[in-house]
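Protein chains in written order, with the working numbering: chain A, 3 to 100; chain B, 4 to 568.
So the structure is just underneath, and the comments pick up after that.
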Amino acid sequence: ARSRSARSAYHSKSVRSYLENFGYLKKGQPEMANLLLGDVAQSYEDDFRIAIKTLQEFGGIPVTGEIDEATRELIKKKRCGRPDREEGDIEGGRRKKR
Amino acid sequence: FAVQGEKWKYTNLTWSLSSSRRPSQLDPHVTRSVLARALDVWQQASRLTFTEVNSDDADIVVSFAKRYHDDAYPFDGRGSILAHAFFPGSGRGGDAHFDDDELWLLQPKNDDEEGTSLFAVAAHEFGHSLGLSHSSVKGALMFPWYQGIQPNFVLPEDDRNGIQQMYGSKENERKWGKIPYYRPIETPPPTTTTTTTTTTTTTRRPYIHHHHNTHQGHHPNHRPYTPYPRNPNLYPKYYPEKPSSPERPSYPRPTYPDRPSYPDRTNIPTYYPERRHYNATEEHPRRNHNHYPRPTETTTQATYRPRYPQNRPEYPTYPRANSPTDPRYKPHYPVKTTARPRATPPRAPPHTTPPPDKPDACNTNFDAVALIRNELFIFKNRYHWRRGAAGHYPDYPIEITRMWTELPRNLTHVDAVYERPDRKIAIFVGKELYLFDSQNLVPGYPKRLRDLGLPESLEKLDAAMVWGHNGKTYFYSGSVYWKFDEDVGRVELDYPRDMAMWKGVGYNIDSVFQWKDGKTYFFKGRGYWKFNDLRMRVEHERQLPSAAFWMGCPTERAGRREPFR
Chain A
3 ARSRSARSAY
13 HSKSVRSYLE
23 NFGYLKKGQP
33 EMANLLLGDV
43 AQSYEDDFRI
53 AIKTLQEFGG
63 IPVTGEIDEA
73 TRELIKKKRC
83 GRPDREEGDI
93 EGGRRKKR
Chain B
4 FAVQGEKWKY
14 TNLTWSLSSS
24 RRPSQLDPHV
34 TRSVLARALD
44 VWQQASRLTF
54 TEVNSDDADI
64 VVSFAKRYHD
74 DAYPFDGRGS
84 ILAHAFFPGS
94 GRGGDAHFDD
104 DELWLLQPKN
114 DDEEGTSLFA
124 VAAHEFGHSL
134 GLSHSSVKGA
144 LMFPWYQGIQ
154 PNFVLPEDDR
164 NGIQQMYGSK
174 ENERKWGKIP
184 YYRPIETPPP
194 TTTTTTTTTT
204 TTTRRPYIHH
214 HHNTHQGHHP
224 NHRPYTPYPR
234 NPNLYPKYYP
244 EKPSSPERPS
254 YPRPTYPDRP
264 SYPDRTNIPT
274 YYPERRHYNA
284 TEEHPRRNHN
294 HYPRPTETTT
304 QATYRPRYPQ
314 NRPEYPTYPR
324 ANSPTDPRYK
334 PHYPVKTTAR
344 PRATPPRAPP
354 HTTPPPDKPD
364 ACNTNFDAVA
374 LIRNELFIFK
384 NRYHWRRGAA
394 GHYPDYPIEI
404 TRMWTELPRN
414 LTHVDAVYER
424 PDRKIAIFVG
434 KELYLFDSQN
444 LVPGYPKRLR
454 DLGLPESLEK
464 LDAAMVWGHN
474 GKTYFYSGSV
484 YWKFDEDVGR
494 VELDYPRDMA
504 MWKGVGYNID
514 SVFQWKDGKT
524 YFFKGRGYWK
534 FNDLRMRVEH
544 ERQLPSAAFW
554 MGCPTERAGR
564 REPFR
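Written out as structure tokens, the structure reads:
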């Protein structure tokens, strides 16, 4: 069970890194994320799910908000190194949400 | 489609394959031909034109690189990330980088064949170079995930709409003409010439295409810019003879050349050409000589008088009245004659001249600053100062090698210093890390930076610190930073990242460390910033002078210069 949870944590980390690299999650949050507790941590989880959904929508696969098989396949595919959403888009999205 | 926002200000763009970063596995000649085809995809759909030039100053420079390659977007070996390109702009704006580790295919492949079509990826990347972002439309060229390429590829509608929104379509150009900000480039003159015998007395030749790129109106007296010399008698090579028949011109359309036909950049006439003299039988490339008598074979110096004879070498020049070159010169102001030059220059008093590289504590920047065993160590050149609980140690600065004797004897400076969580002292010098247990070099050191997972091409670190905010180690160099895993002894995978994360400190910092108050301090030049770790930005946009606070120098001396902002 421990091994499974470690693997899942690893996958989660690599997916987070992918989401950050391609503009779905704001970069730099890992520097602080490990210090956050309670509501703030919950907010990060929400952002993560939203980011997954946005990725799924952009990639044209079923939008589940979960790291499912289709999402893993999408992440493995060859692609351009530019972010799908530029930094301004994320900032703008946040402001709109608030 | 998505338009990023930046676009080129002109439609005639230049491109080149980088001279230093060419593909290691591909024939550069064929590669250039594939790249030209990829650009043609966009040229066919818009008013843009692309000219290959043999220069790294082109608008779009294409290069092939592996892993870390001097930007914040390192490649990842074969698979996954294939390439990236920068949006329009100066410097590296518009440039396209391809991962040299990929298996690039120059020809369309069979379905079972491994590899990635260079044409497909290049066409996508050039979309970024022109200002398009990724599109979420599956099948569009700007869809971020690789989709291969069909044999008879045509630009999908989504991308066509995007590029035409930015630069207009060919149809509109035919209807409305060229856009007014068309940039003049050196183009060969028309291959057909009209008759040169004319009875009109006008001085304007009928076969010249006039560029209205200057901001002046179409005035009858205004002679617009012409990008090549205009006198056929003086420049016959630009004015080929009339073609033998209109059906078959003697000068065929240029085909795709083996080498760029663009002339050397130094030969391009600029708006402000170098100052030089043009003699009577030579025409200035752009100055209009119609004001003067036309030089002919019978023209002599006496009949052809230029406007500014004093600037011409064949005319004798005379000093102006009362000029310093005139022997009769008298100054307009009284000359002091009381001060005599000293027979011998004054000698510096003994024992006060520091060695040439010994820094002035109150008027210098720092190579590295670190808190070691709760004492402040400040490094500059081959010296360091030390500040303990009782203040600055006397008799400092001393050579760094007196404290850490196993550093190289010829040490000139250190790049970064920090105390690791296990209390060992890490000193970075160029491409090497020296690790000391107190004053003793740890066996196995020095280590190379690449052994820490840093790129092979990295010449040095700017700074290193353990960030008090999370206890993790960070390395800084130029415009990027890395997070270092002390347990594994390597930098973490998704680094380097851009320094923009550390808002307010900019690039190329000198040093960073955590002081006893738990705050982070960044140093650059002769100033420093206090950093707010929670807000992730500097607490004060304007730097404070380092010498006054950290070296105890008087403020009037340390604060003389305007701090860096």
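Ideal placement from N, C-alpha and C gives every residue a C-beta, glycine not left out.
Treat the numbers as computed from the prediction; the structure is a model and nothing was measured.
Listed by position along chain A, the residues whose Cβ is nearer than 8 angstroms to that of D497(B) are S19, E22, N23.
In this structure A41(B) touches F129(B) by the C-beta definition: roughly 6 angstroms separates them, less than 8 angstroms.
The three-state reading of DSSP puts Q517(B) in strand, counting E and B together.
With a 10 Å radius around the Cβ and a threshold of 16 neighbouring Cβ atoms, V33(B) comes out exposed. Each of G165(B), L496(B), L374(B) was checked against the Cα of G471(B), and the nearest Cα belongs to L374(B). Within the same chain, Cβ atoms closer than 7 angstroms to the Cβ of Q167(B) are found at A48, S49, the five residues on either side in sequence being excluded. Taking a contact to require three or more Cβ pairs closer than 8 angstroms, the segment 459-478 of chain B and the segment 83-91 of chain B do not qualify as touching.
In the DSSP assignment, the residues bridged to D440(B) are N443(B). Between Y448(B) and the set E409(B), V417(B), M539(B), the nearest pair of CA atoms involves E409(B). With a cutoff of 8 angstroms on beta-carbon distance, V56(B) and T17(B) are scored as near each other.
Interface with chain B (8 angstroms Cβ-Cβ cutoff): E88(A) is included.
Residues of the same chain with a CB within less than 8 angstroms of the CB of G433(B), apart from the 5 flanking positions on each side, are D418, E462, K463 in chain order. Relative to the Cα of D70(A), the nearest Cα in the group L57(A), D48(A), E88(A), R84(A) belongs to L57(A). The beta-carbon of G83(A) is placed less than 8 angstroms from the nearest beta-carbon of chain B. Within the segment 23-54 of chain B, the runs of alpha helix (DSSP H) at least 4 residues long that lie entirely inside it are, in chain order, 31-48. Going by beta carbons, W388(B) and P397(B) fall outside the 8 angstroms limit.
When Cβ-Cβ separations below 8 angstroms define contact, G62(A) makes contact with chain B. Here the C-alpha atom of F552(B) lies approximately 49 angstroms from the C-alpha atom of L133(B). Runs of alpha helix (DSSP H) with 4 or more residues, each lying fully within the segment 95-167 of chain B, are found at 121-133, listed in chain order. With fewer than 16 neighbouring CB atoms inside 10 Å of its own CB, V491(B) falls in the exposed class.
A Cβ-Cβ contact shorter than 8 angstroms links G165(B) with V6(B). With respect to chain B, the C-beta atom of K55(A) has no partner C-beta closer than 8 angstroms. Your pair N368(B) and R529(B) checks out as a contact, with CB atoms roughly 5 angstroms apart and the cut at 8 angstroms.
DSSP places K78(A) in no beta strand (DSSP E) but in the uninterrupted alpha helix (DSSP H) bounded by 71-78. Spanning the alpha carbons of V140(B) and W148(B) requires a straight line of approximately 11 angstroms.
In the displayed model, S58(B) falls within coil according to three-state DSSP, outside both helix and strand. For D59(B), the CB contacts under 7 angstroms within the same chain, skipping 5 residues up- and downstream, are S19, S21, S22 in chain order.
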